[in-house]
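Peer 1: Residue numbers (this note's numbering), protein chains in the order written: chain A, 2 to 272; chain B, 82 to 431. To start, I am sharing the structure in question, which I have written as structure tokens.
As structure tokens, then:
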């Protein structure tokens, strides 16, 4: 058992090396992104302060709670971005790279997942300047309890895995249609809103909140960040994890199934 | 015990049919129509371990489709294939460990990584033991001249360098079977030489079975003792290369444009008349027995020649000759006499 795990670790762990190196990331684009994120944060804070000008609570949250949440959400919303999965698929299909994936003794999905997780960690590290800015300029209320931080990290990873499987399914549709770019644009827009990066789910009308709960995007921003920002109490943790694990199991098997069908399209129709 | 067994492999593609224009697009949406395009029909052959087999045919003959079925990337419409005793499609991962593929126009290496890093990645994926990995890198650096390339990322390499890198990456896990799909396409002679030497060495030292798809006769001549020729989806020849070379490789065609009509022509020795029309004459001669200049001189002594052109036998030409051999009236022996009967799949009696 341990031997197999060690073996898999060596094989798939190697895939992490393929993710762009950290030092390559500190290019002009990273600074531009930082600049843009800072502007976005300033605008968001101003917006919410204006909204709270005429009321003390909204959806059960005070201005401070909301600001804390929004600021943290801005830092961690990267996780909800379009993962490389969709692009890798599209590009891979177009260039026939899928053949190489089929010819390697690797599970393509797991290999890409490992890469995505590493990318997530790198993205988080790259967000540190933004986090520092927010801390200094606006201040953040962060939990002192390490348990909450642990719960947050688990929740983030679980949510990320859920979203990965969801994007995997979307990516498989690339086998059936070439409209991958259009779809990723829609997915990005939908994710921005329903992930809770712009508005905490507590403030949404019930019917909208139901939709947001069903879609996987809220799992990767709202659920973990609401834990961290204190909106959701730690006692709710087990319930949240259960939801996420449930989602993960369903989407995982669904994504495996759909991928198998999609591969059959290639292997039978000869894409 | 054969290492590759192809048994009545058939692949029929279903191509969606769409009428042009908007009306056509809408129709196709509601009532999709398909045409069947047979790419490979009833191909059977057997390869023993350690063989280097050339697999040739004109573009569109069905080569890539066959190779894809052998590698498990494509599912045959009917028939079956076994590689090292496995179904390469069903036992994908196990098959992948024992097999290597080089696609001449596609690279499996990572664009931005230095070659040595790409190779390390491949080594990890295929679980090549570290000591063995180092040994092989040293070996390949020698035979493929990779020493200066190891630190360079693939995107900065020339075509010849890329191909050498590709070969190293494919053979680093010492597969039992290697499929080379157009490995020397677009390469200069020196690189081709080096690559051919490398393949020969690997085959010699490790008994690696090689299936080589190529348009380059030079590759075939250097490497293969046996060739399979596919035309229009069917196998039309499976046998020794020597036989083909003896019968077809030594002929050249020479075409004359004459000033006046051709009458009463005396065909020179060791040449055959292929075509005769008003002011055109096409002869074929055996270049082991005579030469272009002698034939030209013999013709020009009889007629006034305005222009002449010489055609070398290229692969498509030879394939066509073989294909038409049985049908055309010529002094060549009929195709049946040289065709090895395609091995009966059931005949292995296992």
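For glycine and all other residues, C-beta sits at the position ideal for the given N, C-alpha and C.
Excluding the 5 residues preceding and the 5 following residue 144 of chain B in the sequence, name in chain order all residues of the same chain whose CB lies nearer than 7 Å to its CB.
Peer 2: 136, 138, 294, 311
Peer 1: Please go through the region 197 to 256 of chain B and give each complete alpha helix (DSSP H) segment of 4 or more residues, from N-terminal end onward.
Peer 2: The DSSP assignment places 211 to 224, 240 to 252 as complete runs of the alpha helix (DSSP H) inside the region 197 to 256 of chain B, in order along the chain (cut-off: 4 residues).
Peer 1: Residue 190 of chain B to residue 107 of chain A, Cα distance in whole Å?
Peer 2: 15 Å
Peer 1: Can you give the beta carbon distance from residue 126 of chain B to residue 391 of chain B, rounded, assuming they're within the 8 Å contact cut?
Peer 2: Not quite, the Cβ-Cβ distance comes to about 35 Å (not below 8 Å), so this is no contact.
Peer 1: State the Cα-Cα distance for the pair residue 340 of chain B and residue 333 of chain B, rounded to the nearest angstrom.
Peer 2: 23 Å
Peer 1: Quick one: what's got a C-beta closer than 7 Å to residue 207 of chain A's C-beta in the same chain, skipping five residues either side?
Peer 2: none
Peer 1: Residues of the region 98 to 111 of chain A in Cβ contact with chain B at a cutoff of 7 Å, in chain order, please.
Peer 2: 100, 101, 103, 104, 105, 106, 107
Peer 1: Tell me where the beta strand (DSSP E) around residue 95 of chain B begins and ends.
Peer 2: 85 to 98
Peer 1: Measuring CB to CB, does residue 355 of chain B end up less than 8 Å from residue 348 of chain B?
Peer 2: For residue 355 of chain B and residue 348 of chain B, no; Cβs fall outside 8 Å.
Peer 1: DSSP three-state label for residue 239 of chain A, please.
Peer 2: Correct three-state label for residue 239 of chain A: helix.
Peer 1: Tell me which residues of the region 192 to 217 of chain B have at least one Cβ-Cβ distance to chain A shorter than 8 Å, keeping chain order.
Peer 2: Correct list: 193, 194, 198, 201, 202, 205, 206, 207, 208.
Peer 1: Say whether chain A places a C-beta atom closer than 8 Å to the C-beta of residue 173 of chain B.
Peer 2: Output row for residue 173 of chain B: interface = yes.
Peer 1: Flag residue 15 of chain A as yes if its beta-carbon sits less than 8 Å from any beta-carbon of chain B, otherwise no.
Peer 2: yes
Peer 1: Determine contact between the region 109 to 126 of chain A and the region 197 to 205 of chain A, defined as no fewer than three beta-carbon pairs at a distance below 8 Å.
Peer 2: no
Peer 1: Which same chain residues, not among the five before or five after residue 70 of chain A, have their C-beta less than 7 Å away from its C-beta?
Peer 2: 201, 226, 227, 230, 232
Peer 1: Measure from the alpha carbon of residue 60 of chain B to the alpha carbon of each residue in B:229, B:247, B:238, B:252, then state which is nearest.
Peer 2: Lying outside 82 to 431, the shown extent of chain B, residue 60 of chain B is not represented and no answer is given.
Peer 1: Mind checking if residue 249 of chain B is an interface residue toward chain A, Cβ cutoff 8 Å exclusive?
Peer 2: No, residue 249 of chain B lies away from the interface with chain A (no Cβ there is under 8 Å from its Cβ).
Peer 1: Should the region 152 to 168 of chain B be called in touch with the region 59 to 70 of chain A, which here means at least 3 C-beta pairs below 8 Å?
Peer 2: no
Peer 1: With burial defined as no fewer than 16 other Cβ atoms inside 10 Å of the residue's Cβ, what is the status of residue 174 of chain B: buried or exposed?
Peer 2: That one is exposed.
Peer 1: Please classify residue 387 of chain B: is it buried, with 16 or more other beta-carbons within 10 angstroms of its beta-carbon, or exposed?
Peer 2: exposed
Peer 1: Would you call the region 83 to 96 of chain B and the region 188 to 198 of chain A touching, i.e. three or more CB-CB distances under 8 Å?
Peer 2: Result no; under three Cβ-Cβ pairs closer than 8 Å.
Peer 1: Verify the CB distance criterion: does residue 182 of chain B have a CB-CB separation below 8 Å to chain A?
Peer 2: yes
Peer 1: Flag this pair as touching only if the region 178 to 187 of chain B and the region 124 to 134 of chain A have three or more C-beta atom pairs under 8 Å; answer yes or no.
Peer 2: no
Peer 1: Take residue 6 of chain A and list the residues in its own chain whose beta-carbon comes closer than 7 Å to its own, dropping the five residues that flank it on each side.
Peer 2: none
Peer 1: Taking the C-alpha atoms as reference points, what is the distance between residue 301 of chain B and residue 226 of chain B?
Peer 2: Going by the C-alpha atoms only, they are around 23 Å apart.
Peer 1: For a contact defined as C-beta to C-beta under 7 Å, what are the partners of residue 178 of chain B on chain A?
Peer 2: 106
Peer 1: In the structure shown, what three-state DSSP assignment does residue 305 of chain B receive?
Peer 2: coil
Peer 1: Let me know the secondary structure DSSP gives residue 5 of chain A once reduced to three states.
Peer 2: helix
Peer 1: Taking its Cβ as the centre, do 16 or more other Cβ atoms sit within 10 Å of residue 217 of chain A, making it buried, or is it exposed?
Peer 2: buried
Peer 1: Considering Cα atoms alone, identify which of A:79, A:147, A:58 is closest to residue 122 of chain A.
Peer 2: The shortest CA-to-CA distance from residue 122 of chain A to any of A:79, A:147, A:58 is the one to A:79.
Peer 1: Going by DSSP in three states, residue 105 of chain B sits in which element: helix, strand or coil?
Peer 2: helix
Peer 1: Look up residue 407 of chain B in the DSSP assignment and say whether it is helix, strand or coil.
Peer 2: Because residue 407 of chain B carries a pLDDT of 36, less than 50, the predicted location of this residue cannot be relied on, and no value is offered for it.
Peer 1: Assuming residue 321 of chain B is part of the alpha helix (DSSP H), what are its boundary residues?
Peer 2: Taken as a continuous stretch (DSSP letters only), residue 321 of chain B belongs to no alpha helix (DSSP H), being part of the beta strand (DSSP E) at 315 to 321.
Peer 1: Take residue 185 of chain B and list the residues in its own chain whose beta-carbon comes closer than 7 Å to its own, dropping the five residues that flank it on each side.
Peer 2: 262, 263, 264, 266
Peer 1: My output table needs one value for residue 139 of chain A: the three-state DSSP class, helix, strand or coil.
Peer 2: The answer is coil: DSSP assigns residue 139 of chain A none of H, G, I, E or B.
Peer 1: Could you say which of B:120, B:130, B:223, B:131 lies nearest to residue 140 of chain B if we only look at CA atoms?
Peer 2: B:120
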